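Asks: Following this message is one structure expressed as structure tokens.
Here it is, written out as structure tokens:
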């Protein structure tokens, strides 16, 4: 196992394009940039070493395939190599690396699969550049909203279309990138947890049951801006004073819903922008952003309803106008229960302390799950920190996840009939 | 009087560098820019028409003097010509114009003053460019904090020193610009009210008793930023949730203090900046700016104490650290009571409905008042709107203020003994 550990250690640096994993500024590899492309290039080099067949699909994702039989089903694994600004070197990378390491392990064991295995390196998973996440996996699973996407720009005004084409991907091809369902049998992803539940319960492996995708609201309050010095208190129409109680309310209402049931509901007033935001001006307009997540869609909708009612109250009690805009309303994604159970058993069989859990963050797996039976494995990350240079997971955790995938695949890829994935009842 | 009205109308456009006062974008003449200098140039042209002696002082303020006797006392009047971004054409301009018009009126009447009269056109009154207000009048009255000023930059990174020198003012001279007290006898300013009290009470003239200068706090709350999706509600250290109740508290505490006494206390949470201010991150740091004004310093200090105690409570009840920084703590300025009474009487004598009032906003007069007996006259402005393109006052209001100054000066400048200003008891 020490050989595998060294292999993972070396290729972790390689995929991150560094000699050592200790840069205090972390990694900045935005989607559809040369930095991301460079890491994809390293991915291809490792795949070549493993004698895998590689190609780029119409969305710019790279594939590495262990093809045993053209007509056999294909089990895909994978994740992404892009990062946020000054992010960590494990979010995404760990998943690509564990997928490659699993194939290496199976080959080293001289395992002879009856199914093909593919590793997918998805492009542009993070929303850091364009505000749109998981572009590569959305394209493959037919989840991309091109009408919405076409107008999107990064902070330098570069459109997503231009960025994509700069990387040699034709927009027209991207629109055709959806993979027919029959081309894959299932999809598996390994990811760092980005939370601290595994660390707290001292577990080595988490197997995910569902992904809590976000509902996002923008609440805009319109009052009247005026001079802070010359406008008496009773003549004000202060948009910030009017909307401020909503911040506490979102917190309280969320706690209350969690008390009644336990839908793992989380809600955050994460952004606040006041206009004119000048020391001598009463705030005339305030915009707050609310991020709401749960694996229970009913709980999310209940909170949205409560927030809406509260905003109507604010309007009645103040001379302000309150607008609520739904920016995003994604339904939670349930992962495949059969795969979950098999992965859990495989992990347990290897004597890992294993937890069944939900994911609060989105991953490529959530798109793949809309089209193919999908499994997601979490490994602990130190103190739950992610999207920061301090993001860290021990190499041993990646070895563990590789062992779980390998254990799972040794039975999963051993036989196939012409039927689909064998379901447990 | 129609001739004076036409003269004011014409020179209002001249000082604003326009043909007509109807630009929907208003005026942008920031301090120490070519735009401001252009209006100063127009000021010099009008002064020349009135046969006044003009010069620039060491701070870059322009002076126009009706000199009757080198050894006689000098009564100064004036205001400024710079504006905020997209401001109005009356804030400042009205004061410079009424001062010039007063001299014209007195000259047309063949009044023979025994004192000299000066009109000062102060530079950079607005804080829009550098965040520092009334630079020109602070320089003259010895109120400029050079140590603080030297590090200040505008939003393009240009230092105030560079901006000043680009306009041909040497920094070393600016440091020497304080005018010896004996050089002036008193100072008078006319300004639009920037509030709607005069309009509401249907008064034509306001005579100001005191200026409520601001105390400004920056309250910074340090919590912990984390992923909105993966951090359970009970494990959060949300800086925004912790500090939000302070916004309502500032409002409530201010209303309460005003109920007990009536110190015309106004307080505003006018700025709010959250970090990282991203949809998927819990706010880790929130900074709010509070602007507090009253002509009663005790009332201001009482509110600051209440806010401080409330912040300590927030710290106790939440796992956050709250820092309070006093950005500005200016004592209210009392204007000269004798001058106030004489101006009030002059206005009343002319049958104007006259109000005695306080100023919630700062003006050049507040600096001049620290060194010379000072009077401030307000004229109504439509709906109290200022610092916006919609800012408006009728030309007749400027005629009225000119008549008041003229009436006042006809007795004030008629005689002089070698003693200082004759005080009423």
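Chains as they are written, first to last, in the working numbering: chain A, 13 to 437; chain B, 13 to 437. Glycine is no exception: its CB is placed at the ideal position from the N, C-alpha and C atoms. Bear in mind that the values here come from a model prediction, so they are computed numbers and not experimental data.
#1: For residue 30 (chain B), count neighbouring Cβ atoms within 10 angstroms of its own Cβ and tell me buried if that reaches 16, exposed if not.
#2: Measure from the C-beta of residue 259 (chain A) to each C-beta in chain B and report whether the shortest distance is under 8 Å.
#3: Give me the subset of the stretch 83 to 107 of chain A whose CB atoms are less than 7 Å from a CB atom of chain B, sorted by chain position.
#4: Check the Cβ of residue 372 (chain B) against every Cβ in chain A and list those closer than 9 Å, keeping chain order.
#5: In chain order, what residues of the stretch 211 to 228 of chain A put their CB closer than 8 Å to some CB of chain B?
#6: Using a Cβ cut-off of 7 Å, pull out every chain A residue sitting near residue 402 (chain B), in sequence order please.
#7: Between which two residues does the alpha helix (DSSP H) holding residue 279 (chain A) run?
#8: Taking only beta-carbon positions, decide if residue 331 (chain A) is within less than 8 Å of chain D.
#9: According to DSSP, is residue 475 (chain A) part of a helix, a strand, or is it coil?
#10: When we look at the beta-carbon of residue 91 (chain B) and count the other beta-carbons within 10 Å, is it buried (16 or more) or exposed?
#11: Which residue from A:369, A:214, A:237 puts its Cα closest to that of residue 395 (chain A)?
#12: Identify each residue in the stretch 285 to 299 of chain B for which the Cβ-Cβ distance to at least one residue of chain A is less than 9 Å, and report them in chain order.
#13: Is it buried or exposed for residue 276 (chain A), if we count other Cβ within 10 angstroms and need 16 for buried?
#14: Tell me which residues share the same chain as residue 59 (chain A) and place their Cβ nearer than 6 Å to its Cβ, disregarding the 5 neighbours each side in the sequence.
#15: Can you say whether residue 63 (chain B) is buried or exposed, counting buried as having 16 or more other CB atoms within 10 angstroms of its CB?
#16: Quick check: what's the CA-CA separation for residue 45 (chain A) versus residue 176 (chain A)?
#17: Under the assumption that residue 267 (chain B) contacts residue 245 (chain A) (Cβ atoms under 8 Å), give the Cβ distance between them as a whole number of angstroms.
#18: Please classify residue 335 (chain A): is it buried, with 16 or more other beta-carbons within 10 angstroms of its beta-carbon, or exposed?
#19: Using CA atoms only, rank isn't needed, just tell me which of A:229, A:376, A:311 is closest to residue 338 (chain A).
#20: Taking residue 341 (chain A) as the reference, which of A:272, A:232, A:13, A:302 has the closest Cα?
#21: The alpha helix (DSSP H) that contains residue 265 (chain A), what's its start and end?
#22: Which runs of the alpha helix (DSSP H), 4 residues or longer, sit entirely within the stretch 297 to 354 of chain A?
#23: In terms of residue numbering, what span does the alpha helix (DSSP H) encompassing residue 158 (chain B) cover?
#24: Below 7 Å CB to CB, which residues in the same chain sit around residue 362 (chain A) once its five sequence neighbours on both sides are set aside?
#25: Are any of the Cβ atoms in chain A nearer than 8 Å to that of residue 399 (chain B)?
#26: State the start and end residues of the unbroken alpha helix (DSSP H) segment that holds residue 420 (chain A).
#27: Specify, as a first and last residue, the run of the beta strand (DSSP E) that residue 65 (chain A) falls within.
#28: Would you kindly work out how many angstroms separate the C-alpha atoms of residue 211 (chain A) and residue 372 (chain A), rounded to a whole number?
#29: At the level of alpha carbons, what is the spacing between residue 311 (chain A) and residue 321 (chain A)?
#30: Does the stretch 89 to 103 of chain B come within contact of the stretch 380 to 400 of chain B, defined as at least 3 CB pairs closer than 8 Å?
#31: Between the alpha carbons of residue 152 (chain A) and residue 54 (chain A), how many angstroms are there, rounded?
#32: Should residue 13 (chain B) be labelled buried (16 or more other beta-carbon atoms within 10 Å of its own) or exposed?
#33: In terms of residues, what are the limits of the beta strand (DSSP E) holding residue 128 (chain B)?
#34: Is the distance from the Cβ of residue 128 (chain B) to the Cβ of residue 86 (chain B) below 8 Å?
#35: Ignore the nearest five residues each way along the sequence and tell me which others in residue 25 (chain A)'s own chain have a CB closer than 8 Å to its CB.
#36: State the beta-bridge partners of residue 226 (chain B) as determined by DSSP.
Replies: In short, the structure shows the following:
#1: exposed
#2: yes
#3: none
#4: 239, 240, 241, 242, 243, 244
#5: 224, 226, 228
#6: Simply none; closest approach about 12 Å.
#7: Element bounds for residue 279 (chain A): not the alpha helix (DSSP H) but the beta strand (DSSP E), 278 to 287.
#8: The chain inventory of the structure shown lacks chain D, comprising the protein chains A and B.
#9: Residue 475 (chain A) lies beyond the residue range present for chain A, which begins at 13 and ends at 437; the question has no answer from this structure.
#10: buried
#11: A:214
#12: 285, 286, 288, 289, 290, 291, 292, 293, 294, 295, 298
#13: buried
#14: 66, 76
#15: exposed
#16: 9 Å
#17: 6 Å
#18: exposed
#19: A:229
#20: A:302
#21: 251 to 272
#22: 309 to 329
#23: 158 to 161
#24: 415, 416, 419
#25: yes
#26: 407 to 424
#27: 65 to 68
#28: 16 Å
#29: 16 Å
#30: yes
#31: 22 Å
#32: exposed
#33: 128 to 134
#34: yes
#35: 31, 32, 33
#36: B:305
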